[in-house]
Structures are given as structure tokens and as C-alpha cells.
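Undergrad:
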Amino acid sequence: EAAEKGGYEHFMLKEIHEQPKAVQDTIAAYVKDGAIDFSEVGLTDEVLQSLERIYIVACGSAYHVGMVAKYVLEDLAHIPVEIDLASEFRYRNPYLAKNSLVMVISQSGETADSLAALRLAKDRNVPTLGVVNVVGSSIARESDYVLYTYAGPEISVATTKAYSTQLIATYLIAIQGAKVKGIIDEARYDALLKELNTLPEKIQKALDDKERMQWFASKYANAKDIFFIGRGIDYAISMEGSLKMKEISYVHSEAYAAGELKHGTISLIEDGTLVVGVLTQKELFEKTVSNMVEVRSRGAYLMGLTNYGNYSVEDTADFSVYVPKTEQYFATSLAIIPLQLMGYYVSVAKGLDVDKPRNLAKSVTVE
Ligand code: G6P
246 EAAEKGGYEH FMLKEIHEQP KAVQDTIAAY VKDGAIDFSE VGLTDEVLQS LERIYIVACG
306 SAYHVGMVAK YVLEDLAHIP VEIDLASEFR YRNPYLAKNS LVMVISQSGE TADSLAALRL
366 AKDRNVPTLG VVNVVGSSIA RESDYVLYTY AGPEISVATT KAYSTQLIAT YLIAIQGAKV
426 KGIIDEARYD ALLKELNTLP EKIQKALDDK ERMQWFASKY ANAKDIFFIG RGIDYAISME
486 GSLKMKEISY VHSEAYAAGE LKHGTISLIE DGTLVVGVLT QKELFEKTVS NMVEVRSRGA
546 YLMGLTNYGN YSVEDTADFS VYVPKTEQYF ATSLAIIPLQ LMGYYVSVAK GLDVDKPRNL
606 AKSVTVE
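Sequential numbering from 246 applies to the sequence shown in UniProt numbering.
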């Protein structure tokens with residue numbers, strides 16, 4: 246097993262470091278000669294053009310990818326998106342509109358609820374797209390279209406690299422959708438693909454700062470509660486950051502849409518409670534900062550996570566973490582790195598079984 250870990254102490258840390266390559270491989274599988282090529286998937290421009298609605302269905306971290314995808318697909322490709330947890334979708338008798346697509350996102354391709362959701366869509370004659378990592382898995386076999394992610398085998402129960410490749414898959418659909426629907430011109434299309442290609446290198450840059458997260462995590466390893474706040478895509482990033490803390494570090498944490506705090510959660514803030522503000526979206530920066538000021542006045546200790554250049558965050562946050570700048574739609578791919586590292590290092594500092602957290606399974610094949 247030590248050999249399989251390639252010199253890393255845990256599979257999770259190894260897989261965190263494999264993200265530049267996993268992302269690179271997934272981009273390379275579908276971007277050829279400067280254009281997105283879905284011929285392997287069978288997802289033609291005609292199909293994309295005809296889409297009037299997408300239902301994204303998934304569990305766990307894959308659901309959080311769906312949350313990011315909703316913001317990106319609606320804003321970039323003008324496709325209305327509904328997102329459901331698979332365990333909800335399968336039992337809520339969803340009304341599926343015509344010209345829609347059900348997209349099931351799953352690393353393993355075997356999650357029981359996600360598979361049941363896929364079958365429900367098929368029973369209703371709605372086309373299905375599986376975004377799947379494991380080749381030949383049930384969801385891959387049963388979907389009408391399969392968009393494979395190229396994360397390679399993921400061993401650690403807490404997903405990192407599969408999550409990152411699923412994000413890429415959804416960006417590609419949004420970019421191609423925007424193009425075929427005539428929402429973006431050639432120049433914008435080229436610029437988006439060019440920026441997408443810089444992500445592996447920028448993820449590597451974010452990884453290079455890992456000692457800073459290690460230091461911070463050891464300081465906060467005994468935290469009782471952590472709150473992650475953000476708006477828009479930053480809210481979706483917060484959801485995944487919070488899940489990482491819970492699943493491997495056993496720290497109670499919650500992700501909150503920053504503007505919703507005052508409707509309840511703010512009563513939980515005590516002296517020294519750690520609040521992580523995620524601020525990658527330019528238009529929402531000041532809005533979230535104002536929510537950070539509100540919790541600070543109630544005694545919170547603040548970590549700000551933003552892009553290089555947004556140094557004004559230091560006026561509010563006690564501790565600041567920066568990731569490289571990118572197109573706002575792709576921000577999750579970079580901002581998630583310090584949050585994965587934070588979850589990892591808190592777990593290590595507490596001496597927990599990082600790769601096999603209690604009560605959790607890599608793939609949940611029973612309901
Ligand atoms: C389990 C794993 C999570 C994963 C979820 C969905 O709960 O521990 O990391 O996100 O299942 O798995 P899937 O294979 O469908 O992506």
C-alpha cells in the first residue's frame with residue numbers, strides 16, 4: 246500500500262496532488278485543435294442547441310459540482326438548470342419538461358440513488374447524460390450519453406480529483422452550449438478555452454501554498470464549529486469546503502449563503518468561532534465582506550479566501566488565503582484546493598483515519 250501511495254502519507258494527499266494532471270487529462274479528452282469535441286460522447290451540437298432545461302441529479306460532492314454547474318450553465322449558456330439530490334429526485338415525482346436532459350454526475354457510477362434517478366428519467370423518455378469516472382459502471386452503461394472524467398482511480402473516501410474533473414466536464418458543456426446557442430462569439434469561446442487550459446498550472450500554484458493551510462489547520466484543529474459563507478458560485482464552493490471538514494475531520498461545519506446568515510445561523514456565532522468567507526466572484530465581493538463584518542462584530546475569527554489582487558480582504562479577515570485569478574466561472578477549481586487541504590490537515594492534526602473516515606463508504610450502492 247505504501248508504494249501505491251507514491252510517497253504520500255495518505256491517498257487523499259496523493260489525489261489532491263494529482264489534480265493538475267486529472268484536470269489536464271479531462272480537458273485533453275474533449276478539447277481538440279482549439280475546439281470542444283463531444284463526438285466521443287455523442288452529444289452533438291443539435292442536441293445541445295435543442296436543450297431548454299437541464300436537471301442535474303447527484304449525491305455528495307457530485308451534487309456540489311451540480312450546484313456550481315447551475316450557476317455556470319444558466320449564466321454562460323442561458324440554459325435553465327434544476328438541481329436535485331438523487332435521493333430526493335427519485336421519490337418526488339418530478340415534472341420533467343420537454344426538450345430537457347437529465348444529467349447524473351457520479352464518480353463511481355454505482356451510487357444507488359443516482360442510478361435510480363437515471364432509471365426514472367429513462368422511464369419518462371427523457372434523454373440522460375452520465376458524467377462518470379468509472380468506465381463501464383452502471384450509470385455509464387445505462388446513460389444515453391456518457392461523458393467520462395479522467396481522474397483515474399480514486400481510493401480515498403473523500404473525493405478530490407474526481408470532483409475537480411466533474412467541474413471541468415460541466416464547464417465544457419456550458420461553453421459548448423453557449424457557442425451553439427449563439428450566446429458567445431468565437432473570440433469569447435477561444436478566450437474561455439484558453440483560460441480553461443491554464444487551470445492545471447494554476448491548481449499547481451494553489452497546491453504550492455499548502456504549508457500555509459497546514460499551519461492554519463493545526464491552529465484550528467480543535468475548532469468546535471466552522472461556518473463557510475459565500476454567494477453564488479462562492480456558496481457552492483462553501484458547500485464542498487464544509488463537507489470536507491465534516492467527513493474527514495469530524496468538525497461540525499455548515500455552509501451558508503452569506504445573505505441568509507441573519508435569518509438564523511448568526512445566533513450560533515460566539516467569541517472565536519471560525520468563519521470562512523469565500524470571495525472569488527467580483528460582483529459579490531463587497532456583499533460577502535459586509536456579512537463577514539457582521540459576524541466579526543459578534544466575535545467570529547475570520548478567514549478570507551479570495552483571488553490574488555483582492556488584498557482589501559485583509560481589512561476584514563484575520564487570516565487570508567489567495568488563489569490565482571481566473572475566469573469567474575472557473576473559480577471553484579482553484580478555491581477548492583485550500584479547502585481540501587484544510588480538511589486534510591485538520592484530520593491529520595487530530596490523528597484521524599483520513600482515507601477511511603468512520604461510517605462512510607466510497608461508493609454507496611445501497612439505499
Ligand atoms: C459517497 C462518497 C462521496 C461521494 C458520494 C457520491 O458518499 O463518500 O465522496 O461524493 O458518495 O458518490 P458518486 O460515486 O456517485 O460520485
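Heads up, the beta-carbon is just placed ideally off N, CA and C, and yes, glycines get one too.
Measuring CA to CA, which of GLY397, PRO372, GLU387 and TYR390 is closest to VAL379?
TA: Taking the first residue of the sequence shown as position 1, residue 379 is located at position 134. Ranking the options by Cα distance to VAL379, first place goes to GLY397.
Undergrad: Going by the C-beta, is THR404 closer than 8 Å to any heavy atom of the ligand G6P?
TA: In the sequence shown, counting from the first residue as 1, residue 404 sits at position 159. The answer is yes for THR404.
Undergrad: According to DSSP, what are the bridge partners of ARG433?
TA: Within the sequence shown, residue 433 is the residue found at index 188, counting from 1. DSSP lists no partner for ARG433.
Undergrad: With a threshold of 7 Å on Cβ separation, who are the neighbours of VAL593 within its own chain once the five nearest residues in sequence on each side are excluded?
TA: Position 348 of the sequence shown, counted from the start, is the residue given in the question as residue 593. If we look at VAL593 and ignore the five residues flanking it on each side, its Cβ neighbours are VAL599.
Undergrad: Measure how close the beta-carbons of ILE299 and VAL326 come, nearest whole angstrom, since I'm counting them as under 8 Å.
TA: Locating residue 299 in the sequence shown gives position 54, counting from the first residue. Locating residue 326 in the sequence shown gives position 81, counting from the first residue. 5 Å between Cβ atoms; contact.
Undergrad: Report the partner residues of HIS497 according to the DSSP bridge assignment.
TA: Position 252 of the sequence shown, counted from the start, is the residue given in the question as residue 497. ASP470, per the DSSP bridge assignment.
Undergrad: Suppose the cutoff is 7 Å on Cβ atoms and the five residues either side in sequence are ignored; what does the same chain contact list for LEU605 look like?
TA: Sequence index remark: in the sequence shown, residue 605 carries index 360 (1-based). Within the same chain, LEU605 has close Cβ partners VAL402 and GLU492.
Undergrad: Going by DSSP, which residues form a beta bridge with LEU547?
TA: Position 302 of the sequence shown holds residue 547. In the DSSP output, where bridge partners are listed per residue, LEU547 has VAL520.
Undergrad: Is the closest heavy atom of the ligand G6P to the C-beta of GLN352 under 8 Å?
TA: Here residue 352 refers to the residue found at position 107 of the sequence shown. It does: the Cβ of GLN352 is within 8 Å (strictly closer) of some heavy atom of the ligand G6P.
Undergrad: Looking only at C-alpha atoms, which of LYS527, SER359, LEU412 and LEU579 sits nearest to GLU612?
TA: As a working mapping, residue 612 is identified with position 367 in the sequence shown. The option with the nearest alpha carbon to GLU612 is SER359.
Undergrad: So, at 7 Å on beta carbons, what are the nonlocal neighbours of LYS447 in its own chain, with the 5 sequence-adjacent residues on each side left out?
TA: The sequence position of residue 447 within the sequence shown is 202, counting from 1. So the qualifying residues of the chain are PRO569, THR571 and LEU579.
Undergrad: What I want to know is whether the C-beta of LEU584 ends up closer than 8 Å to one or more non-hydrogen atoms of the ligand G6P.
TA: As a first step, residue 584 is located in the sequence shown; it is residue number 339 there, counting from the start. No - the ligand G6P has no heavy atom lying nearer than 8 Å to the Cβ of LEU584.
Undergrad: In terms of alpha-carbon separation, which member of ARG541, THR518, THR405 and TYR253 lies closest to LYS464?
TA: Counting from one through the sequence shown, the residue named residue 464 turns up at place 219. A check of alpha carbon separations from LYS464 across ARG541, THR518, THR405 and TYR253 identifies THR518 as the nearest.
Undergrad: Tell me whether TYR553 is buried or exposed, calling it buried when 16 or more other Cβ atoms sit within 10 Å of its Cβ.
TA: By one-based count along the sequence shown, residue 553 stands at place 308. Exposed.
Undergrad: CB of THR373 to nearest heavy atom of the ligand G6P: below 8 Å?
TA: To locate residue 373, count along the sequence shown from 1; it is residue 128. False, no ligand heavy atom lies under 8 Å from that Cβ.
Undergrad: Do the region 388–395 and the region 280–288 touch if we need at least three Cβ pairs shorter than 8 Å?
TA: The region 388–395, when compared against the region 280–288, does touch it at the 8 Å Cβ threshold.
Undergrad: Once you ignore the five residues that flank GLY504 on each side, which residues in its own chain have a CB closer than 8 Å to its CB?
TA: Along the sequence shown, read from residue 1 onward, the residue named residue 504 stands at position 259. Cβ within range, chain order: ARG476, LYS532 and ASN536.
Undergrad: What do you reckon, are the CB atoms on ALA322 and ALA362 nearer than 9 Å?
TA: Indexing the sequence shown from 1 puts residue 322 at position 77. Indexing the sequence shown from 1 puts residue 362 at position 117. The Cβ-Cβ distance between ALA322 and ALA362 does not fall below 9 Å.
Undergrad: Would you call ARG386 buried or exposed, if buried means 16 or more other Cβ atoms sit within 10 Å of its Cβ?
TA: Taking the first residue of the sequence shown as 1, we reach residue 386 at position 141. Exposed, by the Cβ-count rule.
Undergrad: Could you check whether the Cβ of LYS259 sits closer than 8 Å to any heavy atom belonging to the ligand G6P?
TA: What you label residue 259 is simply residue 14 of the sequence shown in a count that begins at 1. Not so, every heavy atom of the ligand G6P lies at least 8 Å from the Cβ.
Undergrad: Would you call SER512 buried or exposed, if buried means 16 or more other Cβ atoms sit within 10 Å of its Cβ?
TA: Translated into positions along the sequence shown, residue 512 becomes position 267. With fewer than 16 Cβ atoms within 10 Å of its Cβ, SER512 is classed as exposed.
Undergrad: Any contact between the region 551–566 and the region 413–430? By contact I mean 3 or more CB pairs, one from each, below 8 Å.
TA: no
Undergrad: Give me the Cβ distance between ILE413 and VAL313, rounded to the nearest whole Å; I'm assuming they're in contact under 8 Å.
TA: In the sequence shown, residue 413 corresponds to position 168, counting from 1. In the sequence shown, residue 313 corresponds to position 68, counting from 1. Contact flag wrong, Cβ pair sits at about 11 Å.
Undergrad: Which ranges does the alpha helix (DSSP H) cover as unbroken runs of at least 4 residues, wholly within the region 251–306, from first to last along the chain?
TA: 256–262, 264–275 and 290–295
Undergrad: Compute every distance between the C-beta of ALA396 and the non-hydrogen atoms of the ligand G6P, then say whether any falls below 8 Å.
TA: Indexing the sequence shown from 1 puts residue 396 at position 151. Checking every heavy atom of the ligand G6P against the Cβ of ALA396, none is found closer than 8 Å.
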